[in-house]
Structure formats: structure tokens, C-alpha cells
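Only one structure is covered here, and it is reproduced in the block below.
Chains as they are written, first to last, in the UniProt record's numbering: chain A, 1 to 96; chain B, 1 to 197.
So, in C-alpha cells, the structure goes:
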């Protein structure tokens, strides 16, 4: 089974996690002045990256915490996982 | 009429099935329900000395900061559930008192304390086959080198969310949601079938 490294619990089986889609999507400020197209972009449009993709993951059957992951969508390899907000320079955990 | 209510253990519906499964006694694998234990969920800032101090004063134990269990002399234990969450467990039915005492001690601190005793039940699993039975539905590495006595963590047993507590060499406790208790127990019996026949 694929193993995912939770920033708090360490390497665990994939079946304990659920994926929450693309990470780092920022809700637009002043949404009342936003055009329909821009609002639609925010709500519906997602990247469909081939290669390294930033995603949100949830340790559903574990510590029940959300975190971010960089995952290669071609090889399924998790490059690193890190707490949300830790960003590029935060604690990184190597993939297996 | 409320004084006539009788507490029912979550496994009451499959009591006879459970008894029938262990007619030969728990030899290689045993399963006993420890119903009505006290469970209190505690949340707060683990880095706040005031929070830790207040909790440790009430419970007389040190809150674990990793996937372990700590116990007090009075039979209370704290189980790590997440970076800012713990499960306080006690064999005595003292949920409301514990909740009140913690709330009083933590007044003014950022915290959450909830008595969740009625939402959970505990299975005590024992025997030399206990790891094999658990491993059939739980993806954790249960080898004693990785998951030694005193460790605890959350995972799943087939479709049921569980908290696994390693109590002694061949003794584990599963904290299971009440609504999943019957399912989890039947799946455990099914997994243990080859060892209890």
C-alpha cells in the first residue's frame, strides 16, 4: 500500500487519508466587486498538473489534521508533506 | 421515570454471539467489552505552560506530546489524539465530575473539554494471536519494535475508526465509536475465526 507521511503521525497507510484537492487557493478579497468569470475561476477552475502538484490532504483516520503535500501526479510519489502555512521553507518530511 | 433507566452496553445486541464465539475460552485470542468507561476529550494549546499546568494539576499526570499514553496513580490516563487533542480515560464513571473540574481549572485559558463517554466503548483484545487479528483490518505496523507497550494511535479496522492502545505485551485496547461497536466486534470475530474455533 502507498504510504503517506503525516507531519504529526509519521508514515501511514494511504487508506487512513483523504485528498482535499489543490492547495494554496486563496479566497479573493472584496468578492462583491468580482466579475462572474473571476468568481467562477475561484470556485470551479483547478489546475490539472502533469508532474509536481500541491495538494491538501486530511489524515481522516488518524490525528484528523489537514496538511499540504507536493505530489507527482505521474509517478504518485509524495515529494514532501508539511503543515499548512509552513510554506516552502517549513518542516519537510521526505517521501518514501 | 428517568431513575428506572438502565444503561445498556453497546454490544448488548450481539451478546449471545460473542459468548458463543468464546465457548472454548479465550485461548489464542480473547475479546471483552469494557463498557461505560469514562472518556473526556480535551483540546488546548500544548505549548501553553498555563494550560498544561492546570490540566496536570487536576489529572495528576503529564500530558503526552507524542503517540503515547500517560497514567496517573488514581487510574486516570491521557491518550495523545493529535497535536492539540487528548483523550482522558478512566475506568470509573466520573465523566461529569472530570469535565467540571477541568473546566474550572482551565477557566480563562483557550480550551475545550467535553465528556464523550456515552459515544464510545472499549474492546479489550488479548492473546498471542492478537496482532494477527488486528492486522487483518488495520494498516498499522503493530510490531512491538514500532508500536511498543505504552503507545497509542488512531487508525481504522476495516471501515471503523479506532484508537489503539497498547496496554501490555499481548493486551490491546480499542476505543470504538458506539455506533460502530457492533460492526467492529463482528469484524473482529470474523477476523479471529481461525484462532477461536
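The beta carbon of each residue, even a glycine, is placed where N, CA and C say it ideally should be.
Can you tell me whether residue i is helix, strand or coil according to DSSP?
i                      : result
residue 53 of chain B  : helix
residue 59 of chain B  : helix
residue 162 of chain B : strand
residue 45 of chain B  : coil
residue 179 of chain B : helix
residue 94 of chain A  : Its pLDDT being 45, under 50, residue 94 of chain A is placed unreliably in this model, and the value from its coordinates should be taken loosely. In this structure, residue 94 of chain A counts as strand in the three-state DSSP scheme.
residue 199 of chain B : In the structure as shown, chain B begins at 1 and stops at 197. Residue 199 of chain B is therefore absent and cannot be evaluated.
residue 112 of chain B : strand
residue 25 of chain B  : coil
residue 12 of chain B  : helix
residue 77 of chain B  : strand
residue 95 of chain B  : helix
residue 89 of chain A  : Because the pLDDT of residue 89 of chain A is 49, which lies under 50, any placement of that residue in the model is unreliable, and the question is left without a value.
residue 102 of chain B : helix
residue 30 of chain A  : coil
residue 185 of chain B : helix
residue 17 of chain B  : helix
residue 191 of chain B : helix
residue 219 of chain B : The question about residue 219 of chain B has no answer here: the residues shown for chain B are numbered 1 through 197.
residue 38 of chain A  : helix
residue 197 of chain B : coil
Can you pull the DSSP bridge partners for residue i?
i                      : result
residue 55 of chain A  : A:22, A:69
residue 39 of chain B  : B:89
residue 5 of chain A   : A:11
residue 6 of chain B   : Answer by DSSP bridge pairing: none, since residue 6 of chain B is not bridged.
residue 131 of chain B : None; residue 131 of chain B has no bridge partner.
residue 125 of chain B : B:31, B:172
residue 44 of chain A  : None, per the DSSP bridge assignment.
residue 154 of chain B : B:163
residue 82 of chain A  : A:68
residue 120 of chain B : B:177
residue 82 of chain B  : B:85
Using a threshold of 8 Å, state whether the C-beta atoms of residue i and residue j are closer than that.
i                      : j                      : result
residue 124 of chain B : residue 32 of chain B  : yes
residue 60 of chain B  : residue 48 of chain B  : no
residue 52 of chain B  : residue 84 of chain B  : no
residue 97 of chain B  : residue 113 of chain B : no
residue 55 of chain A  : residue 38 of chain A  : no
residue 128 of chain B : residue 193 of chain B : no
residue 4 of chain A   : residue 78 of chain A  : yes
residue 22 of chain A  : residue 47 of chain A  : yes
residue 156 of chain B : residue 15 of chain A  : yes
residue 171 of chain B : residue 163 of chain B : no
residue 57 of chain B  : residue 105 of chain B : yes
residue 185 of chain B : residue 11 of chain B  : yes
residue 7 of chain B   : residue 63 of chain A  : no
residue 1 of chain A   : residue 13 of chain A  : yes
residue 65 of chain A  : residue 66 of chain B  : no
residue 133 of chain B : residue 180 of chain B : no
residue 137 of chain B : residue 71 of chain B  : no
residue 149 of chain B : residue 169 of chain B : yes
residue 9 of chain A   : residue 57 of chain A  : no
residue 38 of chain B  : residue 95 of chain B  : yes
Assuming residue i and residue j are in contact, meaning their beta carbons sit under 8 Å apart, how far apart are those beta carbons, in whole angstroms?
i                      : j                      : result
residue 178 of chain B : residue 161 of chain B : Not confirmed; about 12 Å, so no contact.
residue 152 of chain B : residue 80 of chain B  : 6 Å
residue 81 of chain A  : residue 7 of chain A   : 6 Å
residue 60 of chain A  : residue 17 of chain A  : 6 Å
residue 165 of chain B : residue 69 of chain B  : 6 Å
residue 26 of chain B  : residue 126 of chain B : 6 Å
residue 53 of chain A  : residue 71 of chain A  : 6 Å
Contact criterion: CB-CB distance below 8 Å. Does residue i meet it with respect to chain C?
i                     : result
residue 27 of chain A : The chain labelled as chain C is not found among the protein chains of the depicted structure, namely A and B.
Next on the checklist: Is it the case that the segment 18–28 of chain B contacts the segment 111–124 of chain B, given that we only count it when at least three CB pairs across the two stretches are under 8 Å?
Outcome noted: No contact exists between the segment 111–124 of chain B and the segment 18–28 of chain B.
Next on the checklist: With three or more beta-carbon pairs closer than 8 Å as the criterion, would you say the segment 82–94 of chain B touches the segment 34–42 of chain B?
Outcome noted: A contact exists between the segment 82–94 of chain B and the segment 34–42 of chain B.
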